[in-house]
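In this text, residue positions in the sequence shown follow my numbering: the first is 49, and each later residue adds one. For glycine and all other residues, C-beta sits at the position ideal for the given N, C-alpha and C. Inspection log for the structure reproduced underneath, given as structure tokens.
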Amino acid sequence: MAMMLAFELSGEHETLPRSEVLASCAALKVEHEVVGSGAQYLLLSVHNTSADNELPHTISARLAMTHHILSLLVRCDASESAILESIRDADITIPRNETFNVRVRRMAGAQLSTTRMERLIGEVIFEGNRDDGVKVNLTSPDHRFRAILTKDSCIFGEVLASVDRSQFEERRPHKKPFFYPGAISPIVSRAIVNLCEIGSGDLVLDPFCGTGGILVEAGMISARVIGVDAQESMIRGADENLMFHGFKYHLICGDACKLPFPDRSIDAVVTDPPYGRSAVVMAESIVSLYKGALFEIYRVLAVGGRAAVVSDFELPQKWIDEAGGVGFAASELFMERVHRSMTRHILVLCK
Ligand SMILES: C[S@@+](CC[C@H](N)C(=O)[O-])C[C@H]1O[C@@H](n2cnc3c(N)ncnc32)[C@H](O)[C@@H]1O
49 MAMMLAFELS GEHETLPRSE VLASCAALKV EHEVVGSGAQ YLLLSVHNTS ADNELPHTIS
109 ARLAMTHHIL SLLVRCDASE SAILESIRDA DITIPRNETF NVRVRRMAGA QLSTTRMERL
169 IGEVIFEGNR DDGVKVNLTS PDHRFRAILT KDSCIFGEVL ASVDRSQFEE RRPHKKPFFY
229 PGAISPIVSR AIVNLCEIGS GDLVLDPFCG TGGILVEAGM ISARVIGVDA QESMIRGADE
289 NLMFHGFKYH LICGDACKLP FPDRSIDAVV TDPPYGRSAV VMAESIVSLY KGALFEIYRV
349 LAVGGRAAVV SDFELPQKWI DEAGGVGFAA SELFMERVHR SMTRHILVLC K
């Protein structure tokens, strides 16, 4: 039997949140099919497994760019009458004396008022359960229902799990024991770790680990992590940042172009090499650094392993071709405008 899940995505990037969900399902070996998607939602039909009840929590514990995972109850047009009729027809049953609330999120182009729809949907659910002592509780209900309104459609369901996004706020680079400017945010780090389809216990390498931000996010999804950096001061700083998280890690001061690991010994590589004006480049030139590192990353990766590389690649196609030259297949490319003078790219490669 299939279970219909709706992922309420953050609007941080146009395509990255969706890819993060799909890669996380692949990492967890969850059989799934995409049955619908919009600017900030993704609908998946997920095949039943014995641990099904845990599945939404297991996925949400990994994700960074999703807000909630819902069990999909209604998908209909965005008109008020269609929404209320469909929710009435869904015949939502709440156990005796339990409580619920309804929240509505309006995406770009949606016309209906959120407060009015929260009240009207609440009334429909209350009417269907009024004889059972069911009540509304706005702050800590037993059941949370959410509607996502877009210009043309409404996605409605019960919340099964939510992503704790405040944890990423707590791990922002300037809040860590060792700070050095230029580290990418924990949300982006976690999302790119997920793009590599990393399984629990997989060995993940960041060959330009800096302060260890990517390693922290990989360790938190139960990967074993190794960091390499050419600056001794960074290795000491990464050690300070990693030691409180309770997972094992290994840090080495070395050169990303001469990695001290055997061929095919690493399951995934996630990294942001130096870029931008103030970057410390420990190589003859940035081009020779990137070329040398790509060659080494390919060598140490296991067959089927993925590498995600973040940079301000001025010519992403040139780097896709370079990666192709060492044997990689490019799997995905994401572009993100960081500020007026910097556009970052995330290149996902597959061996
Ligand atoms: C953009 S920073 C990485 C930031 C990192 N993601 C973090 O969380 O702090 C790039 C790092 O590459 C390191 N680096 C420069 N040349 C290197 C080389 N040849 N081999 C390994 N690391 C190098 C720098 O010391 C710097 O720490």
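| Query | Result |
| --- | --- |
| Can you tell me whether GLU171 is buried or exposed, with buried defined as 16 or more other CB within 10 angstroms of its CB? | exposed |
| I think LEU291 touches GLY258, with their Cβ atoms under 8 Å apart; what is that distance to the nearest whole Å? | According to the sequence as given, residue 291 is Met; it is not Leu. About 16 Å; that fails the 8 Å criterion. |
| Is the Cβ-Cβ distance between THR106 and GLU56 less than 8 Å? | no |
| Going by the CB atoms, is the gap between GLU245 and ALA71 shorter than 8 Å? | yes |
| Residues bridged to THR391 by DSSP? | ARG385 |
| Leaving aside the five residues before and after ALA331 along the sequence, list all residues of the same chain whose C-beta is less than 6 Å from its C-beta, in chain order. | LEU337 |
| Taking 7 Å as the cut-off, is the C-beta of GLY391 nearer than that to any heavy atom in ligand 1? | Note that residue 391 is Thr in the sequence shown here, rather than Gly. THR391 Cβ: outside cutoff for every heavy atom of ligand 1. |
| Tell me whether THR319 is buried or exposed, calling it buried when 16 or more other Cβ atoms sit within 10 Å of its Cβ. | buried |
| Run through DSSP, which three-state label would THR147 get? | strand |
| State the Cα-Cα distance for the pair ALA109 and ALA350, rounded to the nearest angstrom. | 26 Å |
| Roughly how many whole angstroms lie between the Cα atoms of VAL374 and LEU342? | 7 Å |
| Any heavy atom of ligand 1 within a distance shorter than 7 Å of the CB on VAL335? | no |
| Would you mind working out which of VAL152, ASP190, PRO229 sits nearest CYS202, comparing C-alpha positions? | VAL152 |
| Buried or exposed: where does LEU53 fall if 16 or more other Cβ atoms within 10 Å of its Cβ makes it buried? | buried |
| Could you tell me whether any non-hydrogen atom of ligand 1 is closer than 7 Å to the CB of MET282? | yes |
| What number of angstroms, rounded off, separates the C-alpha of ALA75 from the C-alpha of SER248? | 9 Å |
| What are the residues that DSSP puts in a beta bridge with CYS398? | ARG354, ALA377 |
| Unbroken beta strand (DSSP E) runs of length 3 or more, entirely within the region 52-93: which are they? | 80-86 |
| Cβ of MET49 versus every heavy atom of ligand 1: is any distance shorter than 7 Å? | no |
| Check this for me: beta carbons of SER93 and VAL83, under 8 Å apart or not? | yes |
| Give me the DSSP bridge partner(s) of HIS191. | PHE148 |
| Taking the C-alpha atoms as reference points, what is the distance between ILE117 and GLU280? | 42 Å |
| Which first and last residues belong to the alpha helix (DSSP H) in which ALA266 is found? | 261-268 |
| According to DSSP, simplified to helix, strand and coil, what is HIS105? | helix |
| Do you know how far the Cα of ASP287 is from the Cα of GLY302? | 15 Å |
| At which residues does the alpha helix (DSSP H) containing PHE343 begin and terminate? | 334-348 |
| Would you be able to state if there are at least three C-beta pairs under 8 Å between the region 188-197 and the region 145-160? | yes |
| Flag ILE232 as yes when its Cβ comes closer than 7 Å to any non-hydrogen atom of ligand 1, and as no otherwise. | yes |
| Would you check whether ligand 1 has a heavy atom nearer than 7 Å to the C-beta of ILE262? | yes |
| May I have the straight-line CA-CA distance separating LYS366 from ALA378, to the nearest angstrom? | 12 Å |
| Mind reading off the beta-carbon distance from LEU253 to VAL348? Whole number of angstroms is fine, and I expect it under 8 Å. | 7 Å |
| Taking PRO104 as the reference, give the member of ARG284, HIS80, ASP180, SER270 with the closest Cα. | HIS80 |
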